Amino acid sequence: MSTSLNDANAVISTALPRSRSNQLPAEPVTRIRPSRFWESLDFAELWTQREVLYFLMWRDLKVRYKQTIIGAAWVIVQPILITIVFAVFLGKLIRVPSDGVPYPIFAYTALLLWTFVSNAVLSSSYSLVTNAQIITRVYFSRLLIPAAAVGVRLVDLLIATLVLIGLMIYFQVPITWNVLMFPVFVAEIAALTLAVGLICAALNVRYRDVGTMLPILLQVWMFLSPVVYSSSLIPERLRVVYFLNPLAGIIDGARASLFNLPFFWAHIAISALVTFPMLVFSIHLFRRMESSFADDV
Numbered sequence: 001m002s003t004s005l006n007d008a009n010a011v012i013s014t015a016l017p018r019s020r021s022n023q024l025p026a027e028p029v030t031r032i033r034p035s036r037f038w039e040s041l042d043f044a045e046l047w048t049q050r051e052v053l054y055f056l057m058w059r060d061l062k063v064r065y066k067q068t069i070i071g072a073a074w075v076i077v078q079p080i081l082i083t084i085v086f087a088v089f090l091g092k093l094i095r096v097p098s099d100g101v102p103y104p105i106f107a108y109t110a111l112l113l114w115t116f117v118s119n120a121v122l123s124s125s126y127s128l129v130t131n132a133q134i135i136t137r138v139y140f141s142r143l144l145i146p147a148a149a150v151g152v153r154l155v156d157l158l159i160a161t162l163v164l165i166g167l168m169i170y171f172q173v174p175i176t177w178n179v180l181m182f183p184v185f186v187a188e189i190a191a192l193t194l195a196v197g198l199i200c201a202a203l204n205v206r207y208r209d210v211g212t213m214l215p216i217l218l219q220v221w222m223f224l225s226p227v228v229y230s231s232s233l234i235p236e237r238l239r240v241v242y243f244l245n246p247l248a249g250i251i252d253g254a255r256a257s258l259f260n261l262p263f264f265w266a267h268i269a270i271s272a273l274v275t276f277p278m279l280v281f282s283i284h285l286f287r288r289m290e291s292s293f294a295d296d297v
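Our numbering numbers the first residue of the sequence shown as 1 and each following residue consecutively.
If you want it as structure tokens, here you go:
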């Protein structure tokens with residue numbers, strides 16, 4: 001809101017004649033409208049509240065690993081166990097093509113990114129509901145709450161990347177200059193995850209069915225993405241539709257950067273053209289719904 005209610009009342013009171021101060025004017029003196037998008041997203045405010053983001057991330061990290069036996073090692077265990085399962089059934093028994101790359105590291109690379117997406121979307125979608133007491137008592141940009149949830153999972157991704165480096169050494173994967181593109185794809189997948197997380201978080205406050213359906217939708221999204229198989233298996237006639245899924249181009253690009261495979265720049269461009277407008281839209285939707293979070297949560 002561009003003008004607070006108190007200021008609005010003060011303007012209305014001063015605009016009335018003193019002899020008729022108990023009557024309202026025929027036309028409202030102050031109109032309260034939603035602010036425009038770029039005014040609503042105050043980057044200066046977000047910067048001044050950066051310590052709130054750090055506190056939320058540090059709190060979530062401490063709470064998640066409190067009273068656990070192996071602590072942060074769970075970040076590594078999850079993708080490794082899933083990789084072993086798929087390596088046995090798909091890599092050994094079914095022998096799914098892996099573009100000339102050993103299937104365990106081929107699958108682990110995508111599962112590493114997918115685990116980040118899945119966990120970050122789930123945690124960010126529930127973040128507003130689980131932080132209801134903070135939302136109703138203290139003012140700060142609510143966007144920081146799901147952003148912190150994504151940030152925590154990004155820390156998990158960086159830790160699990162150490163295993164990826166170890167696998168590359170074990171399978172003697174040559175390191176080329178293409179590896180410099182890998183952080184670019186990590187940044188893009190973080191932007192995509194934040195976009196999906198913001199939309200789900202905002203909708204989950206008002207419609208709790210979103211939280212119920214989300215795990216199922218994420219499983220469908222996984223199999224619609226080249227996580228445990230190569231996108232080369234997709235028929236040529238379906239590739240235009242298939243790569244509208246931005247995760248497909250990101251995963252293919254990440255594999256190409258690590259294993260010196262050819263970059264399909266058209267697919268990478270499509271993923272970027274879908275991801276960043278989605279991020280802009282998700283921020284817009286989140287900010288438009290933000291004023292009702294305290295009431296709905």
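For every residue, glycine included, the Cβ atom is placed at its ideal position computed from N, Cα and C. This one's a predicted model, so the numbers in the text were calculated from it and none came from an experiment.
Quick one: what does DSSP say residue i is sitting in, helix, strand or coil?
i      : result
SER291 : helix
GLN78  : helix
PRO262 : coil
PRO226 : coil
PHE89  : helix
THR275 : helix
LEU285 : helix
LEU143 : coil
PRO97  : coil
ILE234 : coil
VAL138 : coil
LEU16  : Annotation note: pLDDT 41 at LEU16 (below 50); position unreliable, coordinate value reported separately. Correct three-state label for LEU16: coil.
Taking the C-alpha atoms as reference points, what is the distance between residue i and residue j?
i      : j      : result
ARG50  : PHE140 : 10 Å
ILE270 : PHE293 : 33 Å
TYR229 : LEU122 : 24 Å
HIS267 : LEU217 : 23 Å
THR109 : ARG255 : 7 Å
THR3   : PRO277 : Only weak support exists for where THR3 lies, its pLDDT of 44 falling under 50; the value from the coordinates is given anyway. In a straight line, the C-alpha of THR3 is about 29 Å away from that of PRO277.
GLY91  : PHE106 : 10 Å
TRP47  : LEU53  : 10 Å
PHE182 : SER127 : 28 Å
VAL163 : ASN178 : 19 Å
PHE286 : LEU224 : 26 Å
ALA195 : PRO102 : 32 Å
ARG153 : PHE86  : 23 Å
MET57  : LEU261 : 35 Å
ALA149 : ILE250 : 21 Å
SER125 : ALA202 : 8 Å
GLY211 : ARG288 : 20 Å
SER257 : GLN133 : 44 Å
GLY151 : ILE159 : 13 Å
ARG239 : ASN204 : 32 Å
VAL63  : GLN219 : 26 Å
SER98  : ALA147 : 34 Å
What's the call for residue i, buried or exposed, on a 16-neighbour Cβ count within 10 Å?
i      : result
ASN9   : The predicted model places ASN9 with a pLDDT of 45, which falls under 50 and marks its position as unreliable, so this point remains unresolved.
LEU214 : buried
GLU236 : exposed
GLU39  : With a pLDDT of only 49 at GLU39, under the threshold of 50, the placement of this residue in the model should not be trusted; the figure read from the coordinates follows. With fewer than 16 Cβ atoms within 10 Å of its Cβ, GLU39 is classed as exposed.
PHE243 : buried
PHE263 : exposed
PRO45  : It should be pointed out that residue 45 corresponds to Glu in this sequence rather than to Pro. That one is exposed.
THR136 : exposed
ILE94  : exposed
LEU111 : buried
PRO226 : buried
THR130 : exposed
PHE171 : exposed
LEU247 : buried
GLY368 : Because the chain spans 1 through 297 in this model, residue 368 falls outside it and cannot be assessed.
PRO104 : buried
For the alpha helix (DSSP H) holding residue i, just list the boundary residues, first then last.
i      : result
ILE175 : Run containing ILE175: none; DSSP gives neither H nor E here.
VAL52  : 50-64
PHE243 : That residue, PHE243, is in no alpha helix (DSSP H); it is neither H nor E in DSSP.
VAL186 : 182-206
LEU104 : One point to set straight first is that residue 104 is Pro, not Leu, in the sequence displayed. Its alpha helix (DSSP H) spans residues 103-130.
For residue i, verify whether its CB is less than 7 Å away from any heavy atom of the ligand ATP.
i      : result
TRP265 : Absence of the ligand ATP from the depicted structure is noted, as is the absence of any ligand whatsoever, leaving it without description.
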